[in-house]
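Trainee: Could you have a look at this structure, given as C-alpha cells, before my questions?
Protein chains: 2
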Amino acid sequence: MCKALIIGAGGVGTVVAQKIAANPIFSDVMLASRTKAKCDAIAAAIGGDRVKTAQVDADNVADLCELFRAFKPDIVVNVALPYQDLTIMDACLECGVNYLDTANYEPKDEAHFEYSWQWAYQERFKEKGLTAILGCGFDPGVTAIFTAYAAKHHFDEIHYLDIVDCNAGNHGMAFATNFNPEINIREVTQKGRYYENGKWVVTEPHEIHKPLHYPEIGERESYVIYHEELESLVKNYPTIKRARFWMTFGQEYLTHLRVIQNIGMARIDPIIYNGVEIVPIQFLKAVLPDPKSLGANYHGQTSIGCRIRGIKDGKERTYYIYNNCDHEKAFQETGTQAVSFTTGVPAALGASMWAKGLWRGAGVFNVEEFDPDPFLAELGPQGLPWVEKFDVDLEV
Amino acid sequence: MCKALIIGAGGVGTVVAQKIAANPIFSDVMLASRTKAKCDAIAAAIGGDRVKTAQVDADNVADLCELFRAFKPDIVVNVALPYQDLTIMDACLECGVNYLDTANYEPKDEAHFEYSWQWAYQERFKEKGLTAILGCGFDPGVTAIFTAYAAKHHFDEIHYLDIVDCNAGNHGMAFATNFNPEINIREVTQKGRYYENGKWVVTEPHEIHKPLHYPEIGERESYVIYHEELESLVKNYPTIKRARFWMTFGQEYLTHLRVIQNIGMARIDPIIYNGVEIVPIQFLKAVLPDPKSLGANYHGQTSIGCRIRGIKDGKERTYYIYNNCDHEKAFQETGTQAVSFTTGVPAALGASMWAKGLWRGAGVFNVEEFDPDPFLAELGPQGLPWVEKFDVDLEV
Numbered sequence: 001m002c003k004a005l006i007i008g009a010g011g012v013g014t015v016v017a018q019k020i021a022a023n024p025i026f027s028d029v030m031l032a033s034r035t036k037a038k039c040d041a042i043a044a045a046i047g048g049d050r051v052k053t054a055q056v057d058a059d060n061v062a063d064l065c066e067l068f069r070a071f072k073p074d075i076v077v078n079v080a081l082p083y084q085d086l087t088i089m090d091a092c093l094e095c096g097v098n099y100l101d102t103a104n105y106e107p108k109d110e111a112h113f114e115y116s117w118q119w120a121y122q123e124r125f126k127e128k129g130l131t132a133i134l135g136c137g138f139d140p141g142v143t144a145i146f147t148a149y150a151a152k153h154h155f156d157e158i159h160y161l162d163i164v165d166c167n168a169g170n171h172g173m174a175f176a177t178n179f180n181p182e183i184n185i186r187e188v189t190q191k192g193r194y195y196e197n198g199k200w201v202v203t204e205p206h207e208i209h210k211p212l213h214y215p216e217i218g219e220r221e222s223y224v225i226y227h228e229e230l231e232s233l234v235k236n237y238p239t240i241k242r243a244r245f246w247m248t249f250g251q252e253y254l255t256h257l258r259v260i261q262n263i264g265m266a267r268i269d270p271i272i273y274n275g276v277e278i279v280p281i282q283f284l285k286a287v288l289p290d291p292k293s294l295g296a297n298y299h300g301q302t303s304i305g306c307r308i309r310g311i312k313d314g315k316e317r318t319y320y321i322y323n324n325c326d327h328e329k330a331f332q333e334t335g336t337q338a339v340s341f342t343t344g345v346p347a348a349l350g351a352s353m354w355a356k357g358l359w360r361g362a363g364v365f366n367v368e369e370f371d372p373d374p375f376l377a378e379l380g381p382q383g384l385p386w387v388e389k390f391d392v393d394l395e396v
Numbered sequence: 001m002c003k004a005l006i007i008g009a010g011g012v013g014t015v016v017a018q019k020i021a022a023n024p025i026f027s028d029v030m031l032a033s034r035t036k037a038k039c040d041a042i043a044a045a046i047g048g049d050r051v052k053t054a055q056v057d058a059d060n061v062a063d064l065c066e067l068f069r070a071f072k073p074d075i076v077v078n079v080a081l082p083y084q085d086l087t088i089m090d091a092c093l094e095c096g097v098n099y100l101d102t103a104n105y106e107p108k109d110e111a112h113f114e115y116s117w118q119w120a121y122q123e124r125f126k127e128k129g130l131t132a133i134l135g136c137g138f139d140p141g142v143t144a145i146f147t148a149y150a151a152k153h154h155f156d157e158i159h160y161l162d163i164v165d166c167n168a169g170n171h172g173m174a175f176a177t178n179f180n181p182e183i184n185i186r187e188v189t190q191k192g193r194y195y196e197n198g199k200w201v202v203t204e205p206h207e208i209h210k211p212l213h214y215p216e217i218g219e220r221e222s223y224v225i226y227h228e229e230l231e232s233l234v235k236n237y238p239t240i241k242r243a244r245f246w247m248t249f250g251q252e253y254l255t256h257l258r259v260i261q262n263i264g265m266a267r268i269d270p271i272i273y274n275g276v277e278i279v280p281i282q283f284l285k286a287v288l289p290d291p292k293s294l295g296a297n298y299h300g301q302t303s304i305g306c307r308i309r310g311i312k313d314g315k316e317r318t319y320y321i322y323n324n325c326d327h328e329k330a331f332q333e334t335g336t337q338a339v340s341f342t343t344g345v346p347a348a349l350g351a352s353m354w355a356k357g358l359w360r361g362a363g364v365f366n367v368e369e370f371d372p373d374p375f376l377a378e379l380g381p382q383g384l385p386w387v388e389k390f391d392v393d394l395e396v
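First to last, the sequence lines map onto chains A and B.
Just so you know, we're using UniProt numbering here: the first sequence kicks off at 1 and counts up by one.
Just so you know, we're using UniProt numbering here: the second sequence kicks off at 1 and counts up by one.
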C-alpha cells in the first residue's frame with residue numbers, strides 16, 4: 001500500500017500518471033499542478049476515479065505542505081520544472097515524504113546544470129530516514145542505470161563512457177522543442193563540457209561533433225554537450241578516464257537556435273516591456289508550439305544508450321546498451337511523443353522500485369547507486385526494451 | 001513665416017528636427033512624441049531654444065488637436081509610426097493644418113501597404129484647402145521624385161521602372177533592423193508584388209532575385225519586394241509597362257527573418273502571456289537593438305535609385321539616377337545612420353518646398369505630382385547628392 005503524488009501535468013506527467021495508475025502497487029494516486037484543469041484532463045483520459053487531482057504552486061513550500069498533509073503521499077514524483085526541485089524537496093523534508101525527480105535543480109536566473117544544490121540535502125534526508133531519488137528519467141536516469149548494469153555484469157573497470165542520444169523523429173514543423181522550450185534551449189545553448197583524466201574540459205557550444213551511427217536509424221551528426229548524469233557517474237565510477245554526452249541536432253535546428261540567441265530571445269534575464277518585467281525565453285515558450293502538441297504527427301525513432309570501453313578479466317572490451325523508442329507507438333499508447341514517453345516511463349518505474357522496497361535508503365541518491373537488475377527487468381515490459389551489443393565499433 | 005510641428009522622435013525624427021531647425025524659412029519648430037524626454041534630448045543636441053518639445057499621443061485625435069491648437073503649426077511632419085497616419089490626418093483636418101509623411105498608413109493588425117486609406121482623404125483635404133503630401137522620405141519619396149524628373153526631362157514615355165535599394169552597410173551586429181523592427185520585418189516578410197501590363201503579379205516572399213551592381217559598392221543579391229511607391233507611380237505614369245522594386249539582403253539577414261517567422265515572433269496578432277495580450281513582433285522590437293544605436297559603428301554606403309527604360313523622341317533609351325549615402329558621414333553630421341538620414345533629409349526638404357509655396361495644392365498628393373526640379377536642386381546641398389547615367393546596362 002503506497003500513495004503516490006505526481007507533480008507536473010505536461011507530457012511527462014501524462015505518461016507518469018498513466019503508468020502509476022496502471023500499477024497496483026500504488027493504492028492511491030494524485031496528480032497536481034499549477035493548473036488543475038490540465039490534471040483533470042489527464043485523469044479523465046485514464047478514467048474511473050483512479051487519479052485524484054489538485055492545484056498546487058510548486059514554488060511555494062507552504063502550499064506544497066498543505067497538499068502533502070491532506071493527501072499524505074508516501075512518495076512524490078516530481079515532473080514539474082527543474083526550478084521547483086528544491087521547494088518540493090523542502091516540503092518533503094517538512095512533511096516526511098520520499099522524493100523522486102527526473103531533472104536536476106536549476107536556478108531560474110542562470111543556465112547551470114549541477115547536482116550540488118540537491119546533494120546538499122544529503123544529511124537532511126538521512127536524518128529524517130527519507131529516500132530522495134535524483135534524475136530518474138531516461139537521460140539522466142536509464143543512461144545511468146545502463147552504466148550501473150554494465151559495471152555490475154560486464155566490466156571490472158569502466159574507462160570510457162559515451163552516452164549517445166539521437167532523436168531521429170520528424171514532427172513536420174519548422175521549429176519546435178521536444179520538451180519545455182525554456183529548459184530545452186537553456187540546455188542546448190550552453191557551453192559544451194566533458195570529463196577527462198580527472199578534470200572537466202569546457203568547449204564552445206557544439207564545438208565537438210562527428211557523425212555517429214544509430215541502430216535502425218543510420219548516421220546522424222552528433223554534438224558533445226554537457227548533460228547532468230556525467231557529474232554523478234564520474235563520481236560513482238572513479239575508474240572512468242573520459243565521460244562524454246553526445247546529442248544529435250539537425251542543421252536547421254541549430255540555425256534556429258543560433259538565431260534565437262542572436263535576436264535576444266534566449267535571454268534568461270528580464271527586459272522591461274510596457275513597464276512589466278518579462279524574460280524573453282519565457283515569452284518565446286508561450287509563442288512556440290506546445291511540446292505536447294507535437295505527438296500526433298511525430299514519426300521516427302529515438303535511440304539513447306551508453307557506449308562503454310573498459311576492462312573485464314584483464315581484457316579490454318567494448319559494450320553498447322541502448323533503447324530505441326518509436327514516436328508513433330509512444331503516441332498510440334499514451335498520447336505523447338517519445339521524448340515524454342522515454343522520460344515518464346522510467347520515473348514511474350523508479351517510483352515502483354521504491355514502493356516495492358527494492359530501491360530504498362536514507363539520503364539523496366543518484367539512480368546508479370541502486371541495483372539496476374530489477375529496474376531493467378521491468379523496463380522492456382513497460383515499453384522501453386533495451387539491447388546489448390558486445391565487442392562492437394563504438395566510433396567514439 | 002512658417003511653423004512646423006514634427007511628430008516622432010526616432011532616428012528619422014532626429015534628422016528632420018536638425019534639418020528643419022537649420023532652415024530659416026521655419027520661424028517656429030516643435031518636436032513632439034509619446035516620450036517627451038526623447039524630444040528634449042534631440043532639442044538639447046540642436047541647442048538654444050530653437051526646437052520646442054511636447055508630449056503627444058499620436059493615436060489620439062483629441063490629444064493631437066489639443067497640441068495643434070496650442071502650437072498652431074502650419075504644417076505637420078509626421079515621422080511617427082505608419083499606424084498613426086490617419087489619426088494625424090484627422091487632427092490636421094479638424095485643426096486646419098497641412099500634412100506631410102514618409103510612409104503610408106498601415107493598419108496595426110495586418111501587414112498591408114496601400115495608399116487607399118490615405119487617398120480616401122482626397123475630398124476632405126480639398127474641401128478644407130489643405131495640402132497633404134504623402135511618402136516624402138527616400139523610398140517612397142526621392143525615388144518617385146527621381147521618376148518625375150526622368151519623365152519631365154528625359155522621357156516621352158517611361159516603359160520599365162526598376163527601383164533599386166541597396167544597403168551595403170555593416171553595423172557589426174549579428175542581427176538588427178535599420179528602422180522600427182516591427183515595420184521593417186512586416187515589410188520584408190510580406191509576399192513579393194510587382195506591376196506588369198496593367199496587373200499586379202504576386203510572388204512568394206523573396207521568390208525573384210538576382211545579383212545587381214551598385215555604384216561604388218559592387219554586386220549584391222537583390223530581391224523583388226513590394227514597395228508602396230509602385231502603387232502611385234503606375235497610376236501617375238500610365239505608360240509604365242512594368243514596375244518593380246528591388247532590395248538587397250544578405251543571406252544571414254534572410255536566415256534570421258525566416259527563423260523569426262518560423263518561431264512565431266513575426267506574428268502581428270496578440271498572444272496571451274500571463275493574462276496580458278502581447279503582440280510577438282512588438283515584444284521582439286523591445287528585445288532587438290534600438291535602430292538608433294546602430295549608427296556609431298555603421299560603415300559602408302547605401303545606394304538607392306531608379307533604373308528606367310523608355311522612349312524619348314521616338315528612340316529607346318536607358319537611364320539610371322541614384323544617390324549613394326555613407327553611413328559614417330551621416331552619423332558624423334546627425335548622429336544617426338544613413339537609413340534614417342536618407343529618410344529624414346527629404347522629409348525636411350519636402351516641408352521646406354511646401355513652406356516656400358513651391359509644393360502646394362488642396363488635396364492629397366504623392367510627391368511625383370509636384371515639380372521635381374526645385375526639390376532635386378536642393379537635395380545635394382542638403383546632404384544627398386545624386387548622379388545621372390544615360391544609356392547604361394540596367395541589368396534588369
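Note that the Cβ used here is the ideal one computed from N, Cα and C, for glycine as well.
With DSSP as the reference, identify every bridge partner of cysteine 39 of chain A, one or two as the case may be.
Mentor: As far as DSSP is concerned, cysteine 39 of chain A takes part in no beta bridge.
Trainee: Measuring CA to CA, which of B:Ala377, B:Arg307, B:Ile42 and B:Gly172 is closest to lysine 52 of chain B?
Mentor: B:Ile42
Trainee: How far does the beta strand (DSSP E) with histidine 213 of chain B in it reach, from first residue to last?
Mentor: DSSP places histidine 213 of chain B in the uninterrupted beta strand (DSSP E) bounded by 209-214.
Trainee: Looking at chain B, is there any beta carbon in it that lies within less than 8 Å of the beta carbon of glycine 141 of chain A?
Mentor: Not closer than 8 Å to any Cβ of chain B, the Cβ of glycine 141 of chain A fails to qualify, so no.
Trainee: If you count every other CB in all the chains shown that lies within 10 Å of the CB of isoleucine 272 of chain A, and 16 or more means buried, which is it?
Mentor: exposed
Trainee: Please list, in chain order, all residues of the same chain as lysine 191 of chain A whose beta carbon is under 8 Å from its beta carbon, the five residues on each side excluded.
Mentor: These residues qualify, in order along the chain: Val202, Thr203, Glu204, Pro205 and Tyr226.
Trainee: Could you tell me whether the stretch 7-22 of chain A touches the stretch 290-308 of chain A, using the rule of 3 or more Cβ pairs below 8 Å?
Mentor: The stretch 7-22 of chain A is in contact with the stretch 290-308 of chain A.
Trainee: Buried or exposed, going by whether 16 or more other CB atoms sit within 10 Å of the CB of glutamine 332 of chain A?
Mentor: exposed
Trainee: Please report the residue range of the alpha helix (DSSP H) in which histidine 327 of chain B lies.
Mentor: 327-334
Trainee: Spell out a yes or no on whether the stretch 258-271 of chain B and the stretch 282-289 of chain A are touching, meaning 3 or more CB-CB pairs, one atom from each, closer than 8 Å.
Mentor: yes
Trainee: Report back the beta-carbon spacing between alanine 347 of chain A and valine 77 of chain A to the nearest angstrom; my notes put them in contact at under 8 Å.
Mentor: 6 Å
Trainee: If we ignore side chains and look at the alpha-carbon of each, how far apart do glycine 305 of chain A and glycine 47 of chain A end up?
Mentor: Cα to Cα, the separation comes out at about 34 Å.
Trainee: Looking at the C-beta of histidine 256 of chain B, does it have a partner C-beta in chain A at a distance below 8 Å?
Mentor: At a cut-off of 8 Å between C-beta atoms, histidine 256 of chain B counts as an interface residue with respect to chain A.
Trainee: Would you tell me roughly how many angstroms separate the C-alpha atoms of threonine 239 of chain A and isoleucine 158 of chain A, rounded to the nearest one?
Mentor: 6 Å
Trainee: The alpha helix (DSSP H) that contains leucine 134 of chain A, what's its start and end?
Mentor: Here leucine 134 of chain A belongs to no alpha helix (DSSP H); instead the beta strand (DSSP E) covers 131-134.
Trainee: CB-CB under 7 Å to valine 188 of chain A, same chain, minus the five flanking residues each way: which ones, in chain order?
Mentor: Ile225 and Leu257
Trainee: Give the secondary structure of tryptophan 359 of chain A by DSSP, where H, G and I count as helix, E and B as strand, and everything else as coil.
Mentor: Tryptophan 359 of chain A: coil per DSSP, three-state reduction.
Trainee: Are there 16 or more other CB atoms within 10 angstroms of the CB of arginine 69 of chain A, so buried, or fewer, so exposed?
Mentor: exposed
Trainee: Please confirm whether aspartate 371 of chain A and leucine 384 of chain A have their CB atoms less than 8 Å apart.
Mentor: no
Trainee: For aspartate 313 of chain B, collect the residues of the same chain with a Cβ closer than 8 Å to its Cβ; drop the 5 residues on either side in sequence, then sort them by chain order.
Mentor: Asp156
Trainee: Got a sec: is the Cβ-Cβ distance from asparagine 184 of chain B to anything in chain A below 8 Å?
Mentor: no
Trainee: What do you reckon, are the CB atoms on valine 387 of chain B and tyrosine 322 of chain B nearer than 8 Å?
Mentor: Pairing valine 387 of chain B with tyrosine 322 of chain B gives a Cβ-Cβ distance under 8 Å.
Trainee: When DSSP labels each residue in this structure, what does alanine 174 of chain A get in the three-state scheme?
Mentor: coil
Trainee: For arginine 317 of chain B, which of helix, strand or coil comes out of DSSP?
Mentor: The three-state reading of DSSP puts arginine 317 of chain B in strand, counting E and B together.
Trainee: Check whether chain B comes within 8 Å of proline 270 of chain A, counting only Cβ atoms and requiring the distance to be less than that.
Mentor: no
Trainee: Would you report the Cα separation of leucine 134 of chain A and valine 364 of chain A, rounded to the nearest angstrom?
Mentor: 7 Å
Trainee: By Cβ distance, which residues of its chain are closer than 7 Å to tryptophan 117 of chain B, with the 5 residues on each side in sequence left out?
Mentor: Within its own chain, the residues whose Cβ lies closer than 7 Å to the Cβ of tryptophan 117 of chain B, once the five positions on either side in sequence are excluded, are Leu86 and Tyr105, listed in chain order.
Trainee: Pick out the complete beta strand (DSSP E) segments inside the UniProt domain "Saccharopine dehydrogenase NADP binding" (5-133) of chain B, 3 residues or longer, and give them in chain order.
Mentor: 26-33, 51-55, 75-78 and 98-101
Trainee: Consult DSSP for arginine 267 of chain A and reduce its assignment to one of helix, strand or coil.
Mentor: The three-state secondary structure of arginine 267 of chain A, taken from DSSP, is coil.
Trainee: What are the boundary residues of the beta strand (DSSP E) that alanine 243 of chain A is part of?
Mentor: 242-248
Trainee: DSSP puts serine 222 of chain B in a beta bridge; with which residues?
Mentor: B:Lys210 and B:Thr248
Trainee: From B:Asn236, B:Tyr83, B:Lys126 and B:Leu130, pick the residue whose C-alpha is nearest to that of tyrosine 99 of chain B; which is it?
Mentor: Answer by Cα proximity: B:Leu130.
Trainee: Interface residues of chain A around residue 477 of chain B at Cβ under 8 Å?
Mentor: Given a span of 1 to 396 for chain B in the structure shown, any question on residue 477 of chain B remains unanswerable.
Trainee: Determine, using beta carbons only, whether tyrosine 273 of chain A comes closer than 8 Å to chain B.
Mentor: yes
Trainee: Identify each residue in the stretch 287-313 of chain A for which the Cβ-Cβ distance to at least one residue of chain B is less than 7 Å, and report them in chain order.
Mentor: Val287 and Leu288
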